[in-house]
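What the sequence shown shows, in the numbering used here, is residues 311 to 454, in sequence order.
For glycine and all other residues, C-beta sits at the position ideal for the given N, C-alpha and C.
Since the model is a prediction, treat every value here as computed from it, not as a measurement.
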Amino acid sequence: MSESEKPERIPLEKGALTREELEAIFNTLPFDLTFIDSEDTVRYFNDPYARERIFARSEAVIGRKVQNCHPQKSVHMVNRILEAFKKGERDVAEFWINYRGRLIYIRYFAIRDRSGRYLGTLEVTQDITDLKKIEGERRLLDWK
């Protein structure tokens with residue numbers, strides 16, 4: 311592959327990745343990610359390769375206000391979280407719920423730049439049902 315054919319790398323603080331690599335990393339993570347910008351607009355969500363999202367997302371949510379993407383009964387809680395993040399009062403909000411027979415862990419993280427300026431919120435949703443069953447330790451790889 312010639313130099314001109316190589317995909318462009320996006321410079322990051324610790325290295326550089328191609329767009330394809332970034333998307334593959336986000337889509338390989340064992341949880342669902344959704345990024346909401348500082349104006350409460352949904353800007354990104356990952357699309358896991360090997361599993362379905364816990365809460366289905368349509369590309370139609372991109373560009374919409376996050377409040378319009380949640381059930382009406384939970385919008386007040388979403389607003390409360392975002393307001394606390396914007397004011398700098400909190401950086402994390404955590405919940406866990408039983409959903410379709412699975413234990414779902416939902417975390418919201420305030421995303422800030424190095425100076426502390428609020429850039430948005432990252433919603434991380436993970437099925438922890440099987441994680442809760444882990445006991446003891448496994449020190450060696452066992453692919454049985």
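According to DSSP, residue i sits in a beta bridge with which residue or residues?
i: Trp453; result: DSSP lists no partner for Trp453.
i: Tyr418; result: Ala403 and Glu433
i: Ile438; result: For Ile438, which the question treats as bridged, DSSP gives no partner whatsoever.
i: Leu413; result: Asn408
Here's a check: name, in chain order, each residue in its chain whose Cβ is nearer than 8 Å to the Cβ of residue i, leaving out the five neighbours to either side.
i: Gln377; result: Asp350, Val385, Val388 and Asn389
i: Val402; result: Arg417, Tyr418, Phe419 and Ala420
i: Trp406; result: Leu413, Ile414, Tyr415, Ile416 and Ile438
i: Arg410; result: none
Which stretch, first to last residue, makes up the alpha helix (DSSP H) that contains residue i?
i: Thr351; result: No alpha helix (DSSP H) holds Thr351; DSSP gives it neither H nor E.
i: Ala326; result: Ala326 -> not in any alpha helix (DSSP H); beta strand (DSSP E) instead, spanning Gly325 to Thr328.
i: Ile391; result: Gln382 to Lys397
Just the Cα atoms here: how many angstroms apart are residue i and residue j?
i: Val434; j: Cys379; result: 15 Å
i: Ile319; j: Lys397; result: Checking the sequence shown, residue 319 turns out to be Arg, not Ile. Approximately 35 Å between the Cα atoms of the pair.
i: Leu459; j: Leu332; result: Coverage of the chain is limited to positions 311 through 454, which leaves residue 459 absent and any answer about it impossible.
i: Ile391; j: Asp357; result: 24 Å
i: Leu429; j: Gln382; result: 25 Å
i: Arg424; j: Lys454; result: 45 Å
i: Phe355; j: Arg367; result: 8 Å
Excluding the 5 residues preceding and the 5 following residue i in the sequence, name in chain order all residues of the same chain whose CB lies nearer than 7 Å to its CB.
i: Arg363; result: Asp342
i: Lys442; result: Leu413
i: Tyr359; result: Asn337 and Thr338
i: Lys375; result: Asp350 and Thr351
The beta strand (DSSP E) spanning residue i covers which residue range?
i: Pro321; result: Arg319 to Leu322
In chain order, what residues of the same chain lie with their CB nearer than 6 Å to the CB of residue i, ignoring the 5 residues before and after it?
i: Arg353; result: Phe345 and Asp347
i: Leu432; result: Phe345, Phe419 and Ile421
Does the pairing of the region 430 to 445 with the region 330 to 343 give three or more beta-carbon distances under 8 Å? yes
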